[in-house]
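A.B. asks: The following block contains the structure, expressed as structure tokens.
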Amino acid sequence: MREKLKCLRCGKTMEFLMRENIQLGKTGWVLGDLGNLMAGALDVAVLRCPGCGRLEFYQGDWMDGEREDSLPQVACPACGVRYDFDYPKCPACGADNPNF
Ligand SMILES: [Zn+2]
Ligand SMILES: [Zn+2]
Numbered sequence: 012m013r014e015k016l017k018c019l020r021c022g023k024t025m026e027f028l029m030r031e032n033i034q035l036g037k038t039g040w041v042l043g044d045l046g047n048l049m050a051g052a053l054d055v056a057v058l059r060c061p062g063c064g065r066l067e068f069y070q071g072d073w074m075d076g077e078r079e080d081s082l083p084q085v086a087c088p089a090c091g092v093r094y095d096f097d098y099p100k101c102p103a104c105g106a107d108n109p110n111f
């Protein structure tokens with residue numbers, strides 16, 4: 012399991028607040044030239060400290076890692092690949108998820 016993230020200021024466990032796409036301006040809001048390289052939106056996960064209200068931003072795919080840790084998985088009856096139980100089909104061979 013992934014370690015809980017602790018607030019750098021007061022040490023309390025950060026709690027998940029939201030996941031959001033931040034729109035990046037063409038002129039490169041905050042990130043300068045990097046904003047031009049990453050066209051469109053930046054996928055971020057926002058965590059909040061319940062103790063001091065500090066907000067921390069993480070890449071959105073950090074949440075995907077969390078999801079993999081916590082979601083049960085099924086094994087494909089056709090090819091044996093394991094995948095998240097809420098997928099209707101096997102991502103490898105396309106066989107139907109037997110739980111659907
Ligand atoms: Zn704090
Ligand atoms: Zn399969």
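Numbering (the numbering used here), first residue to last: 12 to 111.
C-beta atoms are modelled at their ideal positions from N, C-alpha and C, and glycine is treated no differently.
As the structure is a prediction and not an experimental result, all values here were calculated from the model.
Could you tell me if the beta carbon of V92 falls within a distance shorter than 7 Å of some heavy atom in ligand 2?
C.D. replies: For ligand 2, at least one heavy atom lies less than 7 Å from the Cβ of V92.
A.B. asks: Leaving out the 5 sequence neighbours to the left and right, which residues in its chain are closer than 7 Å to C18 when beta-carbon positions are compared?
C.D. replies: Closer than 7 Å at the Cβ level, and outside the excluded window around C18, lie M25, C60, G62, C63 and R65.
A.B. asks: Any residue with its C-beta under 6 Å from a non-hydrogen atom of ligand 1 counts. Can you list them all in chain order?
C.D. replies: Matched residues: C18, R20, C21, K23, C60, G62, C63 and R65.
A.B. asks: Distance check for D95 and P83, CA to CA, integer angstroms please.
C.D. replies: For P83 and D95, the distance between alpha carbons rounds to 6 Å.
A.B. asks: Going by DSSP, which residues form a beta bridge with Y11?
C.D. replies: Only positions 12 to 111 of the chain appear in this structure, which leaves residue 11 out of reach.
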